[in-house]
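Please read the structure below before turning to the comments.
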Amino acid sequence: MTNTSFLDKIATVLIENYLGNLSNAIVVLPNKRAKIFLIEALKNQVSTNILSPEIISIEDFVQNIAGIRTIDPIELLFEFYEVYLSITDKANQQTFELFANWAKTLLQDFNEIDRYLLEPSHVLSYLKDIEDIKKWGIEVENKTVLLEKYIDFWKLLPNYYQSLYTHLLNKGIGYQGLIYREAVNNLNHFSNSLQGKQFLFAGFNALNAAEEKIIQHLIASDQAKIYWDVDQTFLNDPYHDAGLFVRRFKESWKHYKLHPFEWIVNDFSQTKNIQVIGTPKTIGQAKIAGSIIENVINKNPNGKLDKVAVVLGEENLLVPLLYSLPSSVGALNITMGYSSKNNPAQILIAKLFKMHTNALSRNAKSYVLYYKDVLDILTHPLVEPYAKASALVHTINQNNYTFITHHKLMELNVIPSELFLLLFQKWENGSIPVLETISKLLQTIKENLSNDNEEEKITKAFVFAIFKVINKLINYYSKHEHIDKIETLYAIYKQVIDLAEVSFEGEPLNGLQIMGVLESRVLDFDTVIVTSMNEGKFPAGKSQNSFIPYDVKRELGLPTFKEKDAIYTYHFYHLLQRAKNIYLLYNTESEGLDAGEKSRFITQLEVEKQKNHTLTHEIYNAVLPETAYQPMVIPKSESVMLRLKEIAEKGFSPSALTSYIRNPIQFYFQKILRISEVEEVEENIALNTLGTIIHETLKVLYEPFIGKFISESDILNCFKQIDAEVLKQFKLVYKEGEIKKGRNLLAFEVAKRNVSNFLKVELESIKNGDAIKILALEQTFERPLHHPNLPFPVLIKGNVDRIEERNGIIRIIDYKTGKVEKASVTLKSWKGLTEDIKSDKIIQVLAYAYMYEHEAKGKPIEAGIISFKNLKAGFLPFNFKEDKEINSIINEEILSNYLEQMVLLLSEILDENIPFEEKII
């Protein structure tokens, strides 16, 4: 009987013992999923048509006995809050948020107390006594109000329990524990009303006290049988956790004093091939699982995959796994839902909550929205194609709107779409109107999606899942209107959304089976691949989410982490029980996110190795490429050459030449392809924007003096205009950006300081007798360059910040807002000038000198930089240092050597045989 699955054996029992009376047989299984597999097993064993027995899960069965409807955790929390308000003085009532913090834990404890049929007043007063003992040492006069309230809380627990229990019973609803307790109370009545029905319990492991009582009662009254699926290896080992519960039942149930224990099998010790594979991180496991399945298919191309299961220890591995599966996997059955965390509709609603809750918390009256929140919504894939707001997005980006009032937003979008109005409708009238707006919004999005497009059909399923959740919330809120804060609504939404999984369509009996740990109960597979075999994931590890201390749980017979681990152990070993090929994958990283030590189950398999098991251990690491990145190489096509000729005719700027030296690919993108940077809101003033503001301010201040010599009074007059002019330039350049606070206020002050310091230096020079005449400000100059080595003439064209005549010498000045040292404009050798980006300042200022040479009419020329971060150094002229001789006047020899270097650079740029090759810095 080795290769017969457990469900096949159950099917055989049903046919042999109940065939004439199958419609009166009721099979109770641990979960709903096994039902389809049991029906299939029955189908394979009969040749004629038969009436199927009723097959239900244990939870549905207990619900039937109790006659009470189960409610989800959120609805339960709402109901408990109603009860809490009705029995608590108004002065001591907490808000829903504070209440929810402790109520969730308390409800879990109530659930456990009921499932294990304990006397609630005994357990809860026990907790109060423990807290009293802890506070014994405090004198009466030292007891604070806070301490009194704390002790009172424990005193109130029995009242909370009793009031909630009665309230729920009156409504005919309940949580799992209440339903179990009521089922036990109703057991005799249920048992007497059965009329010939026979129950068959199959595949159970851990039972709570209520389940034990129900099953034992039905067995004792000869109305039920139970079949276990336990291997002798685990049952006979008193320390093996996989047999922990079944050993207890075998020893303690009266039924087994006189009747045999069925079934004890001997499958685990049979031949098995177990491969343990470690790999760094989570994605690696998905890739390896994919390659294992590919190998299975390659070994048996015509074989079916329905006996192959991938069990995910962590649900977030599902999507990476689906991407890693080979294309040869035909049919697929996924029993777990697609998490709502990645649902595009859920992400949109979460962003909507963020935008509106932030606006309300800033100032509910003026309703100020943050640009990032607005753009996040307007550029969301479910909104962008339909909201008709691209012009608005462009306006926000172009004008640097950081914070936008609701009124201004509506002004900027002149003809808003219906979708836009629903997204930006103010959330001022409480929770139900907000939820109704979201509900309408989701309906509008659904109407925008087409049924003909496969992708949009899938998106509709995602939208519908969230739509159902929102409607559920409307339903809750209409019953409990006193919970009406938007922050509370968001907290509840985040909890409810976890229930909004989207199910995958699949053929459950056909193809590869992908499931979570709990879905694998009762099922048997030949090949099993288990992922995330790390401590904290598989088993899940300790979580102390209870007010009942560990020692009290032990004493009262409530499950502790030991029992929870034993449940995991049983599931794990049951997966392995009848499998022939087993692959256990784990993350080798023991630190960081998604990490943990190798699972104890792997160590247990190694230590307690069975004689017939072949166990191998491998570590897989990703193959790292020898070169992390291959630099881009772009050949010069005919169209590229035409564009280069066009640039040569319109003019090469000095900055274009230096961008080629910095990185030819950057030059290619900016100048050849004309790709400009994406326009974005500049929340904090960028350095180049600050530079523009300083340049423009100086231009305006000095414009009245073009063609004149500057006097001391002129400069003193400029000082008076600094504040107004800098502010004006900020408005012109930075548009709607915020400059009254934060880093931008500092930048504003820096701009004023820089202009002021520059004028101080200028004033000092005039006082020291310098005669300064302004010749040009922010003016564009150009000059063609003809050379036999160039394929065609090249125009050199650029914008010069300032040209002045100082004491008879022409001085060409380039302003730099960054720090520039004297070394940056000092040249020792012409060789390699165009190969080193450090020479970019020299190339720039000499280009200006070359362009202005004719205008200077023979006067000596100096060209250099004024650095605002190094104003002490004053004007930094280009100088050529040969031996110890330093020359800062730009003569013909210097210009001729410079042009020789420029021709080398330009001939490389214009040579169609030299491709644009990326420089890796």
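At the far end of the sequence shown sits residue 982, using the numbering used here, and the numbering has no gaps. From the three backbone atoms N, C-alpha and C, an ideal C-beta is built for every residue, glycine too.
When burial is assigned at 16 or more other CB atoms within 10 Å of the CB, is I97 buried or exposed? Looking at its Cβ environment, which holds fewer than 16 other Cβ atoms inside 10 Å, I97 is exposed.
Specify, as a first and last residue, the run of the alpha helix (DSSP H) that M963 falls within. For M963, the enclosing alpha helix (DSSP H) covers residues E953 to L971.
Between L836 and V881, which are expected to be in contact by the criterion C-beta below 8 Å, what is the C-beta distance as a whole number of angstroms? The Cβ separation is near 23 Å, so there is no contact.
Alpha-carbon to alpha-carbon, E140 and G682: A quick correction: the sequence has Asn, not Gly, at residue 682. So the alpha carbons of these two residues sit roughly 52 Å apart.
Specify the secondary structure class of H674 as computed by DSSP and reduced to three states. strand
In angstroms with no decimal places, state the Cα-to-Cα distance between Y631 and D328. Going by C-alpha positions, Y631 is about 14 Å away from D328.
Between the Cα of P976 and those of N724, Q154 and E658, spot the shortest distance and give me the residue it belongs to. The shortest C-alpha separation from P976 is found at N724.
Pick helix, strand or coil for G925, following the three-state DSSP scheme. strand
So, are the CB atoms of D901 and T753 less than 8 Å apart? no
Beta-bridge pairing of L888 - partner residues as DSSP gives them: Looking at the DSSP assignment, L888 forms a beta bridge with F941.
T63 to L636 span [Cα, whole Å]: The predicted position of T63 is uncertain, since its pLDDT is 45 and thus under 50; a value taken from the coordinates is nonetheless stated next. Rounded to whole angstroms, T63 to L636 spans 15 Å at the Cα level.
Residues in its own chain within less than 8 Å of G577 by CB, not counting five upstream and five downstream? V372, L373, E376, T396 and M397
Mapping the DSSP letters down to three states, classify P219 as helix, strand or coil. helix
Starting from the C-beta of E978, find all residues in its chain whose C-beta is less than 7 Å away, skip the five residues before and the five after it, and write them out in chain order. P692, V694 and P725
By the 10 Å Cβ neighbour count, where 16 or more other Cβ atoms means buried, how is A244 classified, buried or exposed? buried
According to DSSP, simplified to helix, strand and coil, what is N519? Rather than Asn, the amino acid found at residue 519 in this sequence is Ile. In this structure, I519 counts as helix in the three-state DSSP scheme.
Compare the C-beta of E744 with all C-beta atoms of chain E and state if any pair is closer than 8 Å. No chain E is present in this structure, which holds just one protein chain.
Please tell me whether I353 and Y647 are closer than 8 Å, where the distance is taken between their beta carbons. no
Around the C-beta of H678, are 16 or more other C-beta atoms found within 10 angstroms, so that it is buried, or is it exposed? exposed
Pairs of beta-carbons, one from the region 883–901 and one from the region 841–852, closer than 8 Å: are there three or more? no
Which same chain residues end up closer than 6 Å to N29 when comparing Cβ atoms and leaving out the 5 residues on each side of it in sequence? There is simply no residue 29 to check, as the chain begins at 62 and stops at 982 in what is shown.
First and last residue of the uninterrupted alpha helix (DSSP H) at P852: Note, P852: premise wrong, no alpha helix (DSSP H); not H, not E.
Who pairs with I116 in a beta bridge, going by DSSP? V88
Unbroken beta strand (DSSP E) runs of length 3 or more, entirely within the region 634–673: which are they? You should have 642–648.
So is I708 buried or exposed if we call it buried at 16+ other beta carbons inside 10 Å? I708 should be labelled buried.
Kindly indicate which three-state DSSP category V811 falls into: helix, strand or coil? helix
List the residues that DSSP assigns as beta-bridge partners of F485. In DSSP, F485 forms no bridge with anything.
Decide if L483 is buried, meaning its Cβ has at least 16 other Cβ atoms within 10 Å, or exposed. buried
Within 10 angstroms of its Cβ, does Q504 collect 16 or more other Cβ (buried), or is it exposed? Classification of Q504: exposed, given that the 10 Å Cβ count is below 16.
Are at least three pairs of beta-carbons, each pair with one atom in the region 419–438 and one in the region 767–775, less than 8 Å apart? no
Beta-ladder partner(s) of P845, from DSSP: L856
Does N125 pass the burial test, meaning 16 or more other C-beta atoms within 10 Å, or should it be called exposed? exposed
Can you round the beta-carbon distance between V557 and K540 to whole angstroms, since I take them to be within the 8 Å contact cut? About 15 Å; that fails the 8 Å criterion.
Sort K821, N606 and V794 by Cα distance to A164 and report the nearest one. N606
Measuring alpha carbon to alpha carbon, tell me which residue in D298, N253, Y300 and S714 is nearest H278. Nearest option by C-alpha distance: N253.
Inter-residue CB distance, F939 and A924 (contact presumed, cutoff 8 Å): 5 Å
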